[in-house]
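Student: Take this structure first; my questions come after.
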Amino acid sequence: MVNSIFEIANMKKMTVLVFIICILISFRNQTKEIMIHNEEIKESFEEYYYTSSSWDLLPSFFLSNEQEAHPQTRSLEYDFYRNSCPQAEKIIQNVVRELYKVKFSVSPALLRLVFHDCFIAGCDASILLDAVDGKQSEKDSNPNENLKGYDIIDKIKSQIEEVCPGIVSCADIVVLAAREGVLQAGGPFYPLFTGRRDSTEPFSNLATNELPSPNADLSETLASFSSRGFDERETVSILGAHSIGMIHCKFFLNRLYDFGGTYGPDPSLDPQFLNFLRSKCNTSGASEVPAASPPFDILVSSSTETSPPHSVMSSAAPPSLSFRGSLSSPPLCTAPSVSFENSLLSSPEDLGINMAYEGPGVDFGTLYYRSLLHGRGILYSDQQLMSGEETGIWVRAYASDVSLFRRDFAQAMMKLSNLNVLTGSAGQVRRNCSKVV
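Those letters in the sequence shown? Residues 25 to 461, by the working numbering.
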């Protein structure tokens with residue numbers, strides 16, 4: 025009798041033990057399946073994120089926390105024009121790609137255009153409006169006087185209007201064209217929702233006074249970006265946009281000859297790089313204001329630029345010191361007060377320094393940060409990133425980890441593209457991007 029009781033008790037224990045083992049095995053299998061599924065999602069996302077040129081936007085769960093936290097972006101939608109104008113994003117893609125084939129300056133022009141639009145009153149295409157009825161255009165403000173890319177947007181808009189009149193906003197065209205420009209220049213793909221509406225007025229005063237300056241100290245730069253919701257990490261990452269385009273000599277000439285009224289160079293500049301910049305930007309020609317550029321379509325049609333811009337220095341070695349210019353006395357004037365982005369000219373014919381040292385598509389971003397590590401930042405405000413503890417940490421991180429930079433840059437561009445958007449019944453959809461309806 026006693027033995028039977030013990031046998032029953034042991035059987036119960038064995039049953040419980042087997043049950044627990046079965047649960048553990050089942051849980052382990054489910055965990056493994058989840059991990060495999062998550063890895064598949066990650067691989068799929070990375071394929072889009074780093075290499076894809078597809079214009080099929082990613083699913084909504086790839087939205088950043090910033091997008092979910094701001095109510096004004098909730099009314100933006102995945103593939104907003106899927107029924108009303110399904111060809112829209114393909115048209116934008118094709119126009120930018122075709123222009124890029126003959127003019128690499130398409131990418132920096134579009135990248136600066138979206139920054140100048142979104143950073144002021146939001147991504148509302150107010151930058152595109154012409155002056156009318158006593159209202160000054162943002163185009164006429166001092167920081168925007170050399171801004172390019174308007175003709176690209178007009179070209180895209182005209183093609184879209186032929187197939188979908190009055191449907192696609194100029195604001196959406198600006199952000200989507202900029203994304204394609206980044207992608208063509210070797211930068212990362214980033215998902216964007218659409219459904220923005222266009223502003224009915226320009227904001228000339230804001231454009232004049234609130235764009236960051238290339239001559240700003242670090243505290244000023246951080247305060248400017250902080251006013252738009254960007255923290256230090258995001259500020260450092262979005263300034264990686266300075267990886268492409270031309271910087272005209274007049275915007276950093278004071279660093280070479282008369283920094284802060286000292287009649288000497290900026291001490292933070294690497295001495296070899298200083299000599300290199302002086303060889304490119306001597307005072308006899310660099311202080312001249314460049315002539316106004318012709319319309320973009322004229323530049324494209326007459327351009328023979330079918331190869332990457334000339335490399336001006338290696339990312340791994342010091343710049344060449346084979347001078348091709350003469351040094352002269354310090355200039356009598358300092359650089360004008362302008363915006364960050366206005367100092368980056370998109371025309372390679374302008375006298376200046378090419379930021380894409382090894383041509384477009386080569387290490388987008390990392391060359392910029394490596395230059396800062398060695399005191400080779402061209403703009404004072406860029407080099408100032410190394411003067412702060414946290415900003416310096418992120419400069420070093422992006423210089424050594426291209427994947428980290430691409431991820432952070434993409435997220436910063438998503439955030440920029442969603443600043444204070446107009447949706448629903450707010451604003452309008454312009455038929456002509458330079459004029460209100």
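Heads up, the beta-carbon is just placed ideally off N, CA and C, and yes, glycines get one too. All figures in this text were calculated on a predicted structure; none of them were measured in a lab.
(1) Is it true that the region 113-129 meets the region 203-210, where meeting means three or more beta-carbon pairs spaced less than 8 angstroms apart?
(2) Beta-carbon within less than 6 angstroms of Met437's beta-carbon, same chain only, minus the 5 sequence neighbours each way: which residues are those?
(3) List the endpoints of the continuous alpha helix (DSSP H) containing Asn118.
(4) Could you compute how far the alpha carbon of Ser150 sits from the alpha carbon of Pro295?
(5) Note down, in chain order, each residue of its chain lying with its Cβ closer than 6 angstroms to the Cβ of Ser411, except the 5 sequence neighbours on either side.
(6) What did DSSP end up calling Asp164 once you bin it into helix, strand or coil?
(7) When you compare only the Cα positions, how much space is there between Val199 and Leu391?
(8) Under 7 angstroms between the Cβ atoms of Gly219 and Thr447?
(9) Is it right to say Arg106 is buried, meaning 16 or more other beta carbons lie within 10 angstroms of its own, or is it exposed?
(10) Only counting the same chain, and skipping five residues up and downstream in sequence, which positions put a Cβ closer than 7 angstroms to that of Asp290?
(11) Please name the residue in Tyr393, Pro212, Gly451 and Ala247 whose C-alpha comes closest to that of Ala423.
(12) If you draw a straight line from the alpha carbon of Ser228 to that of Gln160, how long is it in whole angstroms?
(13) Any idea if Lys439 is buried or exposed, counting beta-carbon neighbours within 10 angstroms, 16 or more meaning buried?
(14) Helix or strand or just coil, what does DSSP make of Thr465?
(15) Can you tell which of Glu185, Pro212 and Phe143 has the C-alpha that lies nearest to the C-alpha of Ser131?
(16) Give the range of the alpha helix (DSSP H) segment to which His272 is assigned.
(17) Where does Ala162 land, buried or exposed, given buried means 16+ other C-beta within 10 angstroms?
(18) Looking at the structure shown, is Asn378 part of a helix, part of a strand, or coil, going by DSSP?
(19) Give me the residue from Ala240, Val126 and Val460 with the minimum Cα distance to Gln407.
(20) Does DSSP put Val156 in a helix, a strand or coil?
(21) Our contact map puts Cys147 next to Val453 with C-beta atoms below 8 angstroms; I'd like the distance itself, whole angstroms only.
(22) Tell me the DSSP secondary structure of Asn456 in three-state form.
(23) Can you look up Glu101 in the DSSP assignment and give me helix, strand or coil?
(24) I believe Gly264 touches Phe433 by the beta-carbon criterion, under 8 angstroms. Please report the beta-carbon distance rounded to the nearest angstrom.
(25) Could you compute how far the alpha carbon of Val187 sits from the alpha carbon of Cys109?
(26) By Cβ distance below 6 angstroms, which residues in the same chain neighbour Leu298 in space, the five residues on each side in sequence not counted?
(27) Would DSSP call Leu403 helix, strand or coil?
(28) At a cut-off of 6 angstroms, would you count Glu186 as near the ligand ZN, judging by its Cβ distance to the nearest heavy atom?
(29) Any idea what DSSP makes of Leu137, helix, strand or coil?
(30) Leaving aside the five residues before and after Glu465 along the sequence, list all residues of the same chain whose C-beta is less than 8 angstroms from its C-beta, in chain order.
(31) On the premise that Pro167 lies in contact with Thr245, defined as a C-beta separation below 8 angstroms, what is that separation, rounded to the nearest angstrom?
(32) Taking the alpha helix (DSSP H) that Lys179 belongs to, which residues open and close that run?
(33) Are the beta-carbon atoms belonging to Asp465 and Ser449 less than 7 angstroms from one another?
(34) I'd like the span of the alpha helix (DSSP H) that includes Gln408, first residue to last.
(35) Between Cys305, Ile176, Ala195 and Phe388, which lies nearest to Gly269 when the distance is taken from Cα to Cα?
(36) Cα separation between Ser267 and Met379?
Tutor: Reading from the atomic positions:
(1) Counting Cβ pairs under 8 angstroms, three or more are found: they touch.
(2) Position 413 of the sequence shown, counted from the start, is the residue given in the question as residue 437. Non-local beta-carbon contacts of Met437 in its own chain, meaning distances under 6 angstroms to residues more than five positions away in sequence, involve Tyr214 in chain order.
(3) The sequence position of residue 118 within the sequence shown is 94, counting from 1. Start and end: Ala112 to Val126.
(4) Along the sequence shown, read from residue 1 onward, the residue named residue 150 stands at position 126. Along the sequence shown, read from residue 1 onward, the residue named residue 295 stands at position 271. CA-to-CA, the gap between Ser150 and Pro295 works out to about 43 angstroms.
(5) The count along the sequence shown starts at 1 and reaches residue 411 at position 387. Within the same chain, Ser411 has close Cβ partners Leu242.
(6) The residue given as residue 164 occupies position 140 in the sequence shown. Asp164: helix per DSSP, three-state reduction.
(7) For the purposes of this step, residue 199 is taken as residue 175 along the sequence shown, with counting starting at 1. For the purposes of this step, residue 391 is taken as residue 367 along the sequence shown, with counting starting at 1. Between the alpha carbons of Val199 and Leu391 lies a gap of roughly 25 angstroms.
(8) By 1-based counting over the sequence shown, the position of residue 219 is 195. By 1-based counting over the sequence shown, the position of residue 447 is 423. For Gly219 and Thr447, yes; Cβs fall inside 7 angstroms.
(9) Indexing the sequence shown from 1 puts residue 106 at position 82. With a 10 Å radius around the Cβ and a threshold of 16 neighbouring Cβ atoms, Arg106 comes out exposed.
(10) Position 266 of the sequence shown, counted from the start, is the residue given in the question as residue 290. Hits under 7 angstroms: Arg279, Phe283 and Tyr404.
(11) For the purposes of this step, residue 423 is identified with residue 399 of the sequence shown, where counting begins at 1. The residue with the shortest Cα to Cα distance from Ala423 is Tyr393.
(12) Mapped onto the sequence shown, residue 228 falls at position 204. Mapped onto the sequence shown, residue 160 falls at position 136. Approximately 6 angstroms, taken between the alpha carbons.
(13) Along the sequence shown, read from residue 1 onward, the residue named residue 439 stands at position 415. Buried, since its Cβ has 16 or more Cβ neighbours within 10 Å.
(14) The first residue shown for the chain is 25 and the last is 461, placing residue 465 beyond what the model contains.
(15) Here residue 131 refers to the residue found at position 107 when the sequence shown is read from its first residue. When each option's Cα is compared against that of Ser131, the closest is Pro212.
(16) Counting from one through the sequence shown, the residue named residue 272 turns up at place 248. Premise fails: His272 lies in the beta strand (DSSP E), Met270 to His272, not in any alpha helix (DSSP H).
(17) Against the sequence shown, residue 162 aligns to sequence position 138. It is worth fixing the name first, because residue 162 is Glu in this sequence and not Ala. By the Cβ neighbour-count rule, Glu162 is buried, with 16 or more other Cβ atoms within 10 Å of its own.
(18) Taking the sequence shown and counting its residues from 1, the one referred to as residue 378 is at position 354. Here Asn378 sits in strand by DSSP.
(19) For this step, residue 407 is matched to residue 383 along the sequence shown. Closest option to Gln407, judged by alpha-carbon separation, among Ala240, Val126 and Val460: Ala240.
(20) In the sequence shown, counting from the first residue as 1, residue 156 sits at position 132. The answer is strand: DSSP assigns Val156 an E or B state.
(21) For the purposes of this step, residue 147 is identified with residue 123 of the sequence shown, where counting begins at 1. For the purposes of this step, residue 453 is identified with residue 429 of the sequence shown, where counting begins at 1. Contact between Cys147 and Val453 is ruled out by a C-beta separation of about 14 angstroms, above the 8 angstroms threshold.
(22) Here residue 456 refers to the residue found at position 432 when the sequence shown is read from its first residue. Strand at Asn456.
(23) For the purposes of this step, residue 101 is identified with residue 77 of the sequence shown, where counting begins at 1. Correct three-state label for Glu101: strand.
(24) Here residue 264 corresponds to residue number 240 of the sequence shown, with the count starting at 1. Here residue 433 corresponds to residue number 409 of the sequence shown, with the count starting at 1. Yes, Gly264 and Phe433 are in contact; Cβ-Cβ is about 5 angstroms, under 8 angstroms.
(25) The residue given as residue 187 occupies position 163 in the sequence shown. The residue given as residue 109 occupies position 85 in the sequence shown. Taking the Cα positions, Val187 is about 8 angstroms away from Cys109.
(26) Start at 1 with the first residue of the sequence shown, and residue 298 comes out as number 274. Cβ neighbours of Leu298 beyond the five flanking positions: Pro289.
(27) Taking the sequence shown and counting its residues from 1, one reaches residue 403 at position 379. Three-state DSSP puts Leu403 in coil, outside helix and strand.
(28) Here there are no bound small molecules, and the ligand ZN is not part of this structure.
(29) Numbered from 1 along the sequence shown, position 113 holds the residue referred to as residue 137. Helix, per DSSP.
(30) Outside the shown range of the chain (25 to 461) lies residue 465, about which nothing can therefore be said.
(31) Start at 1 with the first residue of the sequence shown, and residue 245 comes out as number 221. Start at 1 with the first residue of the sequence shown, and residue 167 comes out as number 143. In this structure, Thr245 and Pro167 do not form a Cβ contact; the two beta carbons are roughly 15 angstroms apart against a cut-off of 8 angstroms.
(32) Here residue 179 refers to the residue found at position 155 when the sequence shown is read from its first residue. Counting along the chain, the alpha helix (DSSP H) containing Lys179 begins and ends at Tyr174 to Val187.
(33) The structure shown has nothing for residue 465, since the chain only spans 25 to 461.
(34) What you label residue 408 is simply residue 384 of the sequence shown in a count that begins at 1. Note, Gln408: premise wrong, no alpha helix (DSSP H); not H, not E.
(35) Taking the first residue of the sequence shown as 1, we reach residue 269 at position 245. Comparing Cα positions, the closest option is Phe388.
(36) The count along the sequence shown starts at 1 and reaches residue 267 at position 243. The count along the sequence shown starts at 1 and reaches residue 379 at position 355. The alpha-carbon atoms of Ser267 and Met379 are separated by roughly 5 angstroms.
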